[in-house]
Amino acid sequence: MLTILFDGIAYGMLLFILSVGLAVTMGLMNFINLAHGAFAMVGGYITVLLMQKMGVPFLLCLPLAFIGSALLGGVLERTLYRPLYNKPHLDQVLFSIGLTFMAVACADYFIGSSQQIVQLPEWLKGRTEIGEGVLMLGMGHYRVFIIVVCAALTVGLQYVLTQTRFGSQLRASVDDQRVAAGMGINVNMVFLGTFAVGSGLAGLGGALGAEVLGLEPTFALKYMTYFLIVVAVGGTSSITGPLLAALLLGIADVAGKYYIPKLGGFIVYSLMILILIWRPQGLFVRKGGK
1181 MLTILFDGIA
1191 YGMLLFILSV
1201 GLAVTMGLMN
1211 FINLAHGAFA
1221 MVGGYITVLL
1231 MQKMGVPFLL
1241 CLPLAFIGSA
1251 LLGGVLERTL
1261 YRPLYNKPHL
1271 DQVLFSIGLT
1281 FMAVACADYF
1291 IGSSQQIVQL
1301 PEWLKGRTEI
1311 GEGVLMLGMG
1321 HYRVFIIVVC
1331 AALTVGLQYV
1341 LTQTRFGSQL
1351 RASVDDQRVA
1361 AGMGINVNMV
1371 FLGTFAVGSG
1381 LAGLGGALGA
1391 EVLGLEPTFA
1401 LKYMTYFLIV
1411 VAVGGTSSIT
1421 GPLLAALLLG
1431 IADVAGKYYI
1441 PKLGGFIVYS
1451 LMILILIWRP
1461 QGLFVRKGGK
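Just so you know, the sequence shown maps onto residues 1181 to 1470 in the working numbering.
Structure below.
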C-alpha cells in the first residue's frame, strides 16, 4: 500500500511538471496550446539522442532538454503563436493541434516509430525497501530523484510567480496589456519569456518521464488528455491547484491500475468528473475568477 502511494506521488509530481507550462499559458496568458505535449516529446528526444549518439551524461541532458525546448518554444512564440493571442480559442485549438500532428509525423519520419530506451546511471537504478508486510515501503531510486527534482522546481516556480518582479509584470500584462505597456512593461518580452519557460518545463518533464512513461512519436498525443485533466481539475489561477490535481490523479491512476487493472483509466476519468461537478472552475480559483 505504501509503495503504491509512493509511486503515485512520483507519477503525480511528474505529471505536474509536464502540465504546469500548460497551466501557465492557459491561466496567465489565456492561450490554449494543445501542442504542449510536443515540447515534452522534444525534451525527451533531446535527452535520448544526446545519450545514445554523443554519450552525454544523463544529468547534463536534463538542463539541455530544458534549454532546447525553451529555445524552440521562444522561436515558435515569436513566429507562429503571437499572431494568435487575440484570436478566438477555437483558432488556437485548431492551430496547436495541427502542430502536434506535424510534430508526431516529423518524429516518426526522422527518428522512427520504435520506443526509445533511456539508460539511467547506476545510482538511479534499483530500489530501497523499508519495513515489512503491508507497511513495507519500496522506493525506486529514480522515483525518489523525480520527486526531489519536481519538488524543487515547484518551490522555485512558485517563488518566481509570486515574489519576483517578473511575476508581477506577468500578472499585470495578463490583466491589462495596454496599461502594463503604458507603465513601461515590455509585454511581448514578458509573454516570450513565459512561453519559453513553460515549453522548457514541458521538455524537462519529457526528459524525466522518458524512462517512466516511454518515449515514442505518439507521446505528444498519448498524454495530452492527462495534461488537460490536470489543468481542468486544478484550475489555472495558480500552480497550487494543478499540483494537487496531479498528485490526486497520479495516486488514483497507479492505485486503480494495480487494484483494478481493467478499470484503471475509468477511475481517473470518474474522479475528474466528480471533482468538476463539485467545483466546475477547478480546485483553486481566484475570487471572482473564471
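Idealized CB from N, CA, C, for every residue including glycine.
Runs of the alpha helix (DSSP H) spanning 4 or more residues and lying entirely within the region 1269-1297 occur at 1269-1290, in chain order. For G1445, the closest of L1463, Y1403, K1267 by C-alpha to C-alpha distance is Y1403. Taken through DSSP and simplified to helix, strand or coil, M1319 comes out as strand. E1257 carries a helical assignment under DSSP once its states are collapsed to helix, strand and coil.
Burial state of F1407 is buried, judged by a 10 Å Cβ sphere holding 16 or more other Cβ atoms. When DSSP reads this structure, R1307 sits in a beta bridge with G1320. Counting C-beta atoms within 10 angstroms of its own C-beta, T1227 has 16 or more neighbours from the protein chains shown and is therefore classed as buried. Segment contact: the region 1189-1198 against the region 1330-1340, three or more CB-CB distances shorter than 8 Å; contact assigned. Contact between V1410 and S1199 holds: CB atoms are separated by about 4 Å, below the 8 Å threshold. Inter-residue distance for V1413 and D1288 is about 32 Å (C-alpha atoms, whole angstroms). For R1307 and A1425, the gap between their C-alpha atoms comes out near 27 Å. When DSSP reads this structure, L1395 sits in a beta bridge with Q1296.
Within the region 1221-1260, the complete alpha helix (DSSP H) segments at least 4 residues long are 1238-1256, listed from N- to C-terminus.
In the structure shown, E1312 adopts coil according to DSSP, grouped into three states. Under the three-state reduction of DSSP output, L1372 falls in the helix class. Counting the other CB atoms within 10 Å of its CB gives A1285 a total below 16, which places it among the exposed residues.
In this structure, the alpha-carbon of S1450 lies about 14 Å from that of K1442.
In the DSSP assignment, S1199 falls within the unbroken alpha helix (DSSP H) covering 1182-1207. In the DSSP annotation of this structure, the continuous segment of the alpha helix (DSSP H) that includes I1409 starts and ends at 1404-1414. Taking 8 Å as the cut-off, the Cβ atoms of I1365 and A1376 do not count as close. A residue is called buried once 16 or more other Cβ atoms fall within 10 Å of its Cβ, and T1342, having fewer, is exposed.
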